[in-house]
Amino acid sequence: MSLDLTQLQTVLDGDTDIILRRSFAHPPAKVWRALTEPALIRQWMAVEGHPMTRCAFDPRVGGSFHFEWAGQDGRSFFFSGPILDVREPHHITHIEYFNGDPAMSARITTDLAPNGTGTRMTMVMRYENAEARAAAIATGMTDGMEEVYAKLDSLRIVG
Amino acid sequence: MTDLDQSFAALADPTRRAILARLAEGEATVQDLARPFAISQPAISRHLRVLEDAGLIETRIDGTSRPRRLKPDTMAQLWGWLGQYRALWEAQFQRLDAVLDSLPDDAANERKP
């Protein structure tokens, strides 16, 4: 399977932000469920060879989330943090820490706008500074990404 | 890692991205670059220094002329990196597409707060 990247818009905005935009064929209420119900989250966040060992999401202001995977060498890695703002089914803001490290944190704002019969999602990930953003991009490349690497062989990356 | 941090920081500025886009068409001097951007040559020189320190461009010495050009290795590494980051997300979103396809319409549409 080759990975078509034309659906996904990625913008490095200013020094600290990464903006992802993508459309889905289903309405916001459905996308909201897939983003917030652990049974559904597990289905799309699991990476081949790296089962999710913990998946909790409490989409309420003052709630929190915890996504954890088993790493290659028996060590696990996880993302977790507080939920700051919730307006079902259109908006959620949360803080994400990587392996509980406050130095590796991002404030993530997700907006789901109706788009015809589907949804246009805009996700803004704001890091502390340019270095933290670069580190986040790099970290995504090092843990449990064999599946993606395998697909990359068939990709032609256009800047 | 440090080099790439610096590269991403250098790319955060729209004028510097525009300079890189211009250099992607071929090498250019400070004078060449200052013309389309309507900013002073010293300002262009400062941007060029940031880009050069970040390892994104290099200076060729040609008599009294100092044309700048892209450093292909760093640029390729950077684009490759971003491409992999994008591919990672897109792979996840395609699995999300499949989850959405599997959900019943009624339950989703009639769900009220």
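Protein sequences, first through last, are from chains W and H. For what it's worth, this note's numbering labels the leading residue of the first sequence as 786, then goes sequentially. For what it's worth, this note's numbering labels the leading residue of the second sequence as 1305, then goes sequentially. Every residue, glycine too, gets a C-beta built ideally from N, C-alpha and C.
- Within chain H, the C-beta atoms nearer than 9 Å to that of residue 809(W) come from 1397, 1400, 1401 and 1404, in chain order.
- Excluding sequence positions up to five before and after residue 921(W), its CB lies within less than 8 Å of the CB of 803, 883, 889, 891, 910 and 912, all in the same chain and listed in chain order.
- Residue 1313(H) has a beta carbon lying within less than 7 Å of a beta carbon in chain W.
- By the beta-carbon neighbour count (other beta carbons within 10 angstroms, threshold 16), residue 871(W) is buried.
- For residue 1320(H), there are no C-beta contacts with chain W under 8 Å, since the nearest C-beta of that chain is about 12 Å from it.
- Residue pairing by DSSP places residue 851(W) opposite 841(W) and 865(W) in a beta bridge.
- Counting the other CB atoms within 10 Å of its CB gives residue 918(W) a total of 16 or more, which places it among the buried residues.
- Judged by beta-carbon spacing, residue 902(W) lies beyond the 7 Å limit of residue 806(W), meaning their Cβ atoms are not closer than that value.
- Counting the other CB atoms within 10 Å of its CB gives residue 899(W) a total below 16, which places it among the exposed residues.
- According to DSSP, residue 1396(H) shares a beta bridge with no other residue.
- Between residue 874(W) and residue 915(W), the CB-CB gap reaches or exceeds 7 Å.
- The C-alpha of residue 1321(H) lies about 6 Å from the C-alpha of residue 1315(H).
- In this structure, the straight-line span from the alpha carbon of residue 1358(H) to that of residue 801(W) is close to 17 Å.
- Burial of residue 866(W) is indicated by the presence of at least 16 other C-beta atoms within 10 angstroms of its C-beta.
- Leaving aside the five residues that flank residue 808(W) on each side, the residues in its chain whose CB is nearer than 8 Å to its CB run, in chain order, 792, 900, 903, 904, 905 and 906.
- Under the DSSP assignment, residue 894(W) falls in the beta strand (DSSP E) whose first and last residues are 886-900.
- Take residue 1344(H), set aside five residues on each side of it, and the residues of its chain with a beta-carbon closer than 8 Å to its own are 1338, in chain order.
- Excluding the 5 residues flanking it on each side, residue 836(W) has same chain C-beta neighbours closer than 8 Å at 854 and 855, in chain order.
- Taking the beta carbon of residue 1356(H) as reference, no residue of chain W falls within 8 Å; the closest one sits roughly 17 Å away.
- Listed along the chain, the chain H residues whose CB falls inside 7 Å of the CB of residue 793(W) are 1390, 1393, 1394 and 1397.
- Here the C-alpha atom of residue 1336(H) lies approximately 17 Å from the C-alpha atom of residue 1356(H).
- Spatial neighbours of residue 879(W) in its own chain (CB-CB distance under 7 Å, excluding positions within 5 residues in sequence) are listed in chain order as 850, 866, 867, 868, 869 and 893.
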